[in-house]
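Taking it in order: structure first as structure tokens, then the write-up.
Number of protein chains: 2
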Amino acid sequence: MKHVRALKCLLCSREFQPEEVEYTCSTCGEGGILEVLYDYDRIALLLRRENLAHDDDRSIWRYKPLLPVEPDSPRPPLAVGWSPLYPVERLRHALNLPGLFVKDDGRNPTASLKDRASAVGIVKALERGAREVTCASTGNAASSWAGAAASLGLKSYIFVPQTAPQGKLAQLLVFGATIFPVTGTYDQAFDLAIEATARFGWYNRNTAYNPYLVEGKKTVALEIAEQLGWEAPDKVFVSVGDGCILSGVFKGFADLLALGWIERMPQVIGVQAEGSSAIEQAWRTHTPLQPSPAVTIADSISVSLPRNGIMALRDLERWGGRMLTVTDEEILEAMRLLGREAGIFGEPAGVTGLAGMLKARDLGLLDQKERIVAIVTGNGLKDVASALQAVRMPPAIPPTLAAVEEALNSPVLP
Amino acid sequence: MKHVRALKCLLCSREFQPEEVEYTCSTCGEGGILEVLYDYDRIALLLRRENLAHDDDRSIWRYKPLLPVEPDSPRPPLAVGWSPLYPVERLRHALNLPGLFVKDDGRNPTASLKDRASAVGIVKALERGAREVTCASTGNAASSWAGAAASLGLKSYIFVPQTAPQGKLAQLLVFGATIFPVTGTYDQAFDLAIEATARFGWYNRNTAYNPYLVEGKKTVALEIAEQLGWEAPDKVFVSVGDGCILSGVFKGFADLLALGWIERMPQVIGVQAEGSSAIEQAWRTHTPLQPSPAVTIADSISVSLPRNGIMALRDLERWGGRMLTVTDEEILEAMRLLGREAGIFGEPAGVTGLAGMLKARDLGLLDQKERIVAIVTGNGLKDVASALQAVRMPPAIPPTLAAVEEALNSPVLP
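Rendered as structure tokens:
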């Protein structure tokens, strides 16, 4: 990986070569998140915008020289990335925001943005010769990791909170993962997966512990810029749990700035659920991260102690981003709006970015002239039970036209 | 639509011009399924293989001159089609079938192949100036129709059996459809939707009633051929309920034969669940279709009276296709195999084609040298309850390493 200059610890600034370190800083321990630093001059020789225009590879691997993998590493088989960036005409009209786009990352192989990180992570596992992999996750990272592992014949061991949605558990089991449903929180599952890594040698994909995941997630920003003709949007809204996707979005645009492919950093707005808002609180009050018990319908971003919080706060500060919170009801309203006006079905955490955009609009933070992107991070089919809380199931009717007419005239029908 | 020569009734062979007829033959009534006939000489002037190689449009609309829509009709916004055709290396190895491919159509916007038909159907609705649309469906056609309608601001009225999986109902409701859950079978919902069309004037997408759906579904065959470098595979396996996707697959390859883009028709093998096998029975016994009560875990192909049976049987006969049946247990085994060996999660009906391929292999019907495609028609997240029948959920553990070790040593863990 000659194009990777170093892995730099966010706490002590010590730099490592990739072969010197596996997960976090050897001095600072678990809090010492490592950031991948690139040699952009070298990358500029390998990757050109003009060549991308003719590249048939519609996946994250079109940006391979910008990813922290060996040039000759095999590419995992599942087709990850290049999700649609929709101009959502009807939503634009309904909201009077003519520059709005929705990036539907629920179109990935296991139906969430996490597939981007898992694809890069699984290549790192292969590079290290790992045959067994692990992670702790609220559900989406786990199912994407188990799917990527299955596609390559690696054995996966997955720690999830017992309360993870059925859809995500079903994915894991069908992908042949060995699951440990933990009678505890995501945060407890997270720590247990790290203990298990030390004990069993499984390659670990825990968020903010494995330094390569942000690099996979950044591809969503690379795609947004390319899909907009190499122009950065004005604002990007994205849901925030651990803060790893948020840092990925910043990193993608930062890479493009370093390469001179875009001219400015968009304002990136991270959106948390009110019931799981540690990063927003730290950002707003300029105080250190305080863990607090998480309670929200958006399970994928329900996190008491955001593991990538330090990097996310650094990025928000460095690039002039900001944070917002939304209520669970606002999340469900965003789900309904996106479904009804765009035909896109997002899970609660998936539409939290859009919910934040709606809030920003209400707060007068948006300008009609701006190009605004809301990233939908996961498909609504991932968590049907929550979706059913957003809607009302009408009563069944007998198969007669009279019953149809009666139902149509009934005030309870939507 | 100068490239459409006529719509021809399958029963009486009467030909209509598109503007003369809406759904079925005016002489034969509901049984008189209409088939779209094309002027291939005209199409050959509009569409060339060489041009497709440079076409950036990775959706079914790259084949627009082969679709029964007006050249200037608007294109619906959701990105439908161009799903991955995976060479599934590990599955090839496990099955000793080095020419096996899996086409993952669960990657469509509402996570099933039905999006292809709904995309074409919704353009026909727009061409007719419809603002309200309807259909009856076991679930997937309905959710794809409601999604397409929502993306264009059309109002949808949907008839589903009350027993449709929760995931599909959630999609419908989030897309803002007015749902009529019918206390009866799919077949009763089907008839009721046609009555409602007559009564309320809603544009109807019922399978085999609307003549344009097969044309949307055929795009899966066009893509398979293009993804294989314009060579037809030897065999294609696909699940069969009403028989509309089966006819779509035949039609796509037939179009390419007519254009001279491929040299032969692959053998297309339709696969039904044992508990819903009317087309297989009629095909095997050379007798007319006999409706019989359908009972299978594969809800999307649980059909007592296959509405497109006549066309499907005609196509099987004309092109030398064949039918197979599989048990529900074989379907669940195919689901597990595909998940574990390829990282692809299909719903029961989605993997029924693959289950049939496994059966064909056991019956000695396959040759190692053949190129074989199994089409996965829908994502497993559509029907999580059924998926959970294929797997076993391990017991929860406390968040301690001791509990992990105990679980790893327990014989109940997968």
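Sequence lines, in order, name chains S and D.
Going by our numbering, the first sequence opens with residue 1, and the numbers climb by one from there.
Going by our numbering, the second sequence opens with residue 1, and the numbers climb by one from there.
Note that CB positions come from ideal geometry on N, CA and C, so glycine has one too.
Computed from a prediction, not measured in an experiment: that's the story for all the values here.
Run of the alpha helix (DSSP H) containing residue i, from where it starts to where it stops
i, result
"D:P348", "P348 to D362"
"S:T219", "T219 to Q227"
"D:A374", "It is not in any alpha helix (DSSP H) - D:A374 instead sits in the beta strand (DSSP E) that spans I372 to V376."
"D:A396", "D:A396 -> no alpha helix (DSSP H), and no H or E assigned at all."
"S:M1", "It is not in any alpha helix (DSSP H) - S:M1 carries neither H nor E in the DSSP assignment."
"D:R116", "K114 to E127"
"S:L316", "G309 to W319"
"S:V384", "V384 to A390"
"D:G241", "D:G241 -> no alpha helix (DSSP H), and no H or E assigned at all."
"D:K168", "Q166 to V174"
Pair within 8 Å by beta-carbon distance, residue i and residue j
i, j, result
"S:N140", "S:S292", "no"
"D:L67", "D:I33", "no"
"D:F180", "D:F159", "yes"
"D:V220", "D:I375", "yes"
"S:Q227", "S:L85", "yes"
"D:A136", "D:A193", "yes"
"D:Q290", "D:P98", "no"
"D:G353", "D:V271", "yes"
"D:G380", "D:M311", "no"
"S:A117", "S:K235", "no"
"S:R307", "S:A208", "yes"
DSSP bridge partner residues for residue i (one or two, in chain order)
i, result
"D:T134", "D:Y157 and D:N204"
"S:Q272", "S:T325"
"D:P445", "With chain D running from 1 to 414 in the structure shown, residue 445 of chain D is simply not present."
"D:Q267", "D:K235"
Helix, strand or coil at residue i [DSSP, three-state]
i, result
"S:N140", "helix"
"S:N409", "helix"
"S:E22", "coil"
"S:V102", "strand"
"D:Y212", "coil"
"D:F190", "helix"
"S:F253", "helix"
"D:E15", "strand"
"D:N379", "strand"
"D:L85", "strand"
"S:V80", "coil"
"D:R49", "helix"
"D:K369", "coil"
"S:T287", "coil"
"D:D299", "helix"
"S:R75", "coil"
"S:H93", "helix"
"D:V69", "coil"
"D:R58", "coil"
"S:Y403", "Rather than Tyr, the amino acid found at residue 403 of chain S in this sequence is Ala. If DSSP states are grouped into helix, strand and coil, S:A403 belongs with the helices."
"S:A294", "coil"
Extent of the continuous beta strand (DSSP E) run through residue i
i, result
"S:A6", "V4 to C9"
"S:L37", "L34 to Y38"
Nearest residue (CA-CA) to residue i, options the options
i, options, result
"S:A224", "S:D104, S:R392 and S:P76", "Residue identity check: residue 224 of chain S is Ile in the sequence provided, not Ala. Out of S:D104, S:R392 and S:P76, S:D104 has the C-alpha closest to the C-alpha of S:I224."
"S:Q267", "S:V303, S:M323 and S:A117", "S:M323"
"S:G106", "S:D383, S:A146, S:S410 and S:S302", "S:D383"
"D:Y212", "D:G260, D:V120, D:I344 and D:P399", "D:V120"
"D:P76", "D:E70, D:T24, D:A149 and D:T400", "D:A149"
"D:V373", "D:P87, D:L365, D:I43 and D:W261", "D:P87"
"S:K2", "S:R14, S:E406 and S:R42", "S:R42"
"S:R128", "S:G229, S:R49, S:T185 and S:E22", "S:E22"
"D:L358", "D:F237, D:G321, D:G184 and D:A254", "D:F237"
"D:V240", "D:I344, D:V182, D:G350 and D:P165", "D:G350"
"S:G309", "S:G243, S:I269 and S:W283", "S:G243"
"D:M28", "D:Y40, D:R14, D:P18 and D:V36", "Note on identity: in this sequence residue 28 of chain D is Cys, with Met being the wrong assignment. Looking at the Cα atoms, D:R14 is the closest of the given residues."
"D:G275", "D:F250, D:W283, D:F253 and D:S304", "D:S304"
"D:G339", "D:T207, D:D55, D:A44 and D:V102", "D:V102"
"S:Y38", "S:G252, S:E347 and S:A298", "S:G252"
"S:D72", "S:A79, S:L78 and S:K64", "S:K64"
"D:P395", "D:A407, D:A402 and D:A387", "D:A407"
"D:D57", "D:E70, D:L78 and D:E195", "D:L78"
"D:A298", "D:R92, D:T287 and D:E330", "D:E330"
"D:Q171", "D:E19, D:S156 and D:S302", "D:S156"
Near-chain B residues of the region 149 to 172 of chain S (beta-carbon distance less than 7 Å), N- to C-terminal order:
In the structure shown, chain B does not exist; the protein chains are S and D.
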